[in-house]
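Encoded as structure tokens, the structure appears first; notes follow it.
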Amino acid sequence: MAGSVRSGGLILYNGNRIPADLGPLPARILWIPASAIADKLGSANSANMVLLGALLKAALIRPPHGP
Numbered sequence: 000m001a002g003s004v005r006s007g008g009l010i011l012y013n014g015n016r017i018p019a020d021l022g023p024l025p026a027r028i029l030w031i032p033a034s035a036i037a038d039k040l041g042s043a044n045s046a047n048m049v050l051l052g053a054l055l056k057a058a059l060i061r062p063p064h065g066p
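Under numbering that gives the first Met the number 0, the first residue of the sequence shown is numbered 0, with each subsequent residue one higher.
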């Protein structure tokens, strides 16, 4: 699925480590241990909310595109 991300896109990866076979991609990859963070917060089912927060932060800090 990572190969279908457009150039300059964003991949949020939930896990303990990024797979070695992922290879070079024309996208930004953010490794977020969302399941572990959600578990620490006491709600293992909230990993999607952790990833949503990471997505919002990543989207809000992206520099604007040129004209």
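All C-beta atoms, glycine included, are put in the ideal place defined by N, C-alpha and C.
1) Per DSSP, which one or two residues make a beta bridge with R16?
2) Rounding to the nearest angstrom, what Cα-Cα distance links N13 and L50 in this structure?
3) Give me the Cβ distance between A26 and V4, rounded to the nearest whole Å; I'm assuming they're in contact under 8 Å.
4) By the DSSP assignment, the alpha helix (DSSP H) with I36 in it spans what residues?
5) Tell me whether A37 is buried or exposed, calling it buried when 16 or more other Cβ atoms sit within 10 Å of its Cβ.
6) With DSSP collapsed to three states, give me the class of L54.
Let's see:
1) The partner list for R16 (beta bridge, DSSP) is empty, contrary to what the question assumes.
2) If I take the Cα positions, the gap works out to 8 Å.
3) Under the criterion of beta carbons closer than 8 Å, A26 and V4 qualify as touching, at roughly 4 Å.
4) Element bounds for I36: 33–39.
5) Its Cβ being crowded by 16 or more others within 10 Å, A37 is buried.
6) Looking at L54 - three-state DSSP - the assignment turns out to be helix.
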